[in-house]
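Visitor: Just so we're aligned, residue 7 is where the sequence shown starts under the working numbering, counting upward by one. The C-beta atom is built at its ideal place from N, Cα and C for all residues, glycine as well. Remember, it's a predicted structure, so these values are computed and weren't measured experimentally.
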Amino acid sequence: MEILLNGRSAIVTGGSKGIGLAVATRFAASGADVAVVARGRETLDEAVKSIKATAKGRVAGVQADVSAAADIQRAYDEIMKAFGKVDIVVNNAGTSRNGPFEKLTDEIMQKDLEDKLFAAIRMIRLVAPQMKERRWGRIINVLNIGAKAPRPNSMPTSVSRAAGMAMTKALSQEFAPHNVLVNAMLVGFIEADQHVQSAKRANVPLAEYYKAREKEVPLGRVGKAEEFANLACFLVSDAGGYIAGTAINVDGGRSPVV
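Encoded structure:
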């Protein structure tokens, strides 16, 4: 199926690496104007260059820390100046943090909520009015399978992601009458920079790290970021126009909850 996003403009937060980069690349190759938001300037510039190689629309890189409300407002203003409108938002920023409950401080919990939940809330608050006015919008909140089935030692991420899933469902019902569709995509074990960093911390080769983790996945392999991006592209297109309020596992069957 050929999916076209011609005439659409999108924001992808955390879009300079891994899943976010794959999503931004897929959107741009499908014809959308795409703004990538990330913290690091060098990595952001590299991502923009990579996306432009296959892009059919405009590509912008905006440096911002989405955990800061002022940065989100500035990023939104820059993107509106560049594109004039926002049709699609993928709230992807945030890395996995987990550990035993006894080590969960107020500061760690608050930081995780700011990076993930509040960042999404603030971005949606900015884009929703124009989407409603034009009666067309797509919002995807990238969560993980722990939002449905939290494991031991999974906080703070499982808590912040579960909150994101509840917000997704509530907003989907609130926004659907305006043809603004809100969905969540739940990450399982997919190739990403955070796994590269985890392998380094464990002092093991990345291939060995992946091989050990593959045992947790019924499909028997690590997912590709491009596979995640393909579903995201479908959801934000007109072809996905009757899908709202879902939380779709993209995990090779790993989650015990559908």
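1. Measure the Cβ-Cβ separation of residue 185 and residue 141 and say whether it is below 7 Å.
2. Determine the extent of the alpha helix (DSSP H) in which residue 143 is found, giving its start and end residues.
3. Spatial neighbours of residue 118 within its chain, please: CB distance less than 7 Å, with the 5 preceding and 5 following residues excluded, ordered by chain position.
4. Name the two residues that bound the continuous beta strand (DSSP E) containing residue 188.
5. Could you please give the first and the last residue of the uninterrupted alpha helix (DSSP H) stretch that includes residue 35?
6. Would you mind giving the Cβ-Cβ distance between residue 192 and residue 257, rounded to the nearest angstrom? I have them listed as a contact below 8 Å.
7. Rounded to whole angstroms, how far is the Cβ of residue 53 from the Cβ of residue 21, which I believe are closer than 8 Å?
8. Along the chain, where does the alpha helix (DSSP H) containing residue 43 start, and where does it finish?
9. Is the Cβ-Cβ distance between residue 149 and residue 190 less than 7 Å?
10. Might you give, ordered along the chain, the residues of its own chain that have their beta carbon closer than 7 Å to the beta carbon of residue 246, omitting 5 neighbours on each side?
11. Classify residue 65 as helix, strand or coil using the three-state DSSP reduction.
12. Ordered along the chain, which non-local residues of its own chain (more than five positions away) have a Cβ less than 6 Å from that of residue 132?
13. Specify, as a first and last residue, the run of the beta strand (DSSP E) that residue 94 falls within.
14. So, helix, strand or coil for residue 15, using DSSP?
15. In terms of alpha-carbon separation, which member of 159, 248, 40 lies closest to residue 106?
16. Classify residue 264: buried if its beta carbon has 16 or more other beta carbons within 10 angstroms, exposed otherwise.
17. When the Cα of residue 76 is compared with those of 12, 129, 223, which residue comes out closest?
18. Identify whether residue 168 lies in helix, strand or coil by the three-state DSSP scheme.
19. How long is the line joining the alpha carbons of residue 25 and residue 45, rounded to whole angstroms?
20. Note down, one range per segment and in chain order, each alpha helix (DSSP H) of at least 4 residues found wholly within the segment 187 to 264.
21. At the level of alpha carbons, what is the spacing between residue 216 and residue 147?
22. Could you check whether residue 18 and residue 5 sit closer than 7 Å to each other, using their CB atoms as the reference points?
23. From the DSSP secondary-structure annotation, give me the bridge partner or partners of residue 21.
24. In three-state terms, what does DSSP make of residue 7?
25. So, are the CB atoms of residue 125 and residue 72 less than 7 Å apart?
Guide: Reading from the atomic positions:
1. yes
2. Note, residue 143: premise wrong, no alpha helix (DSSP H); beta strand (DSSP E) at 143 to 150.
3. Contacts found: 103, 162, 163, 166.
4. 186 to 193
5. In the DSSP annotation of this structure, the continuous segment of the alpha helix (DSSP H) that includes residue 35 starts and ends at 24 to 35.
6. 7 Å
7. 7 Å
8. Where residue 43 is concerned, there is no enclosing alpha helix (DSSP H), although the beta strand (DSSP E) it sits in stretches over 39 to 44.
9. With respect to the 7 Å criterion, residue 149 and residue 190 are classified as neighbours on the basis of their beta carbons.
10. 240
11. strand
12. Answer for residue 132: 82, listed in chain order.
13. 94 to 97
14. Residue 15 carries a strand assignment under DSSP once its states are collapsed to helix, strand and coil.
15. 159
16. exposed
17. 129
18. helix
19. If you take the alpha carbons of residue 25 and residue 45, they lie about 16 Å apart.
20. List check, alpha helix (DSSP H) in window: 199 to 208, 212 to 220, 231 to 242.
21. 25 Å
22. As shown, the chain starts at 7 and ends at 264. That puts residue 5 outside it, with no answer to give.
23. Answer by DSSP bridge pairing: none, since residue 21 is not bridged.
24. coil
25. The answer is yes: Cβ separation under 7 Å.
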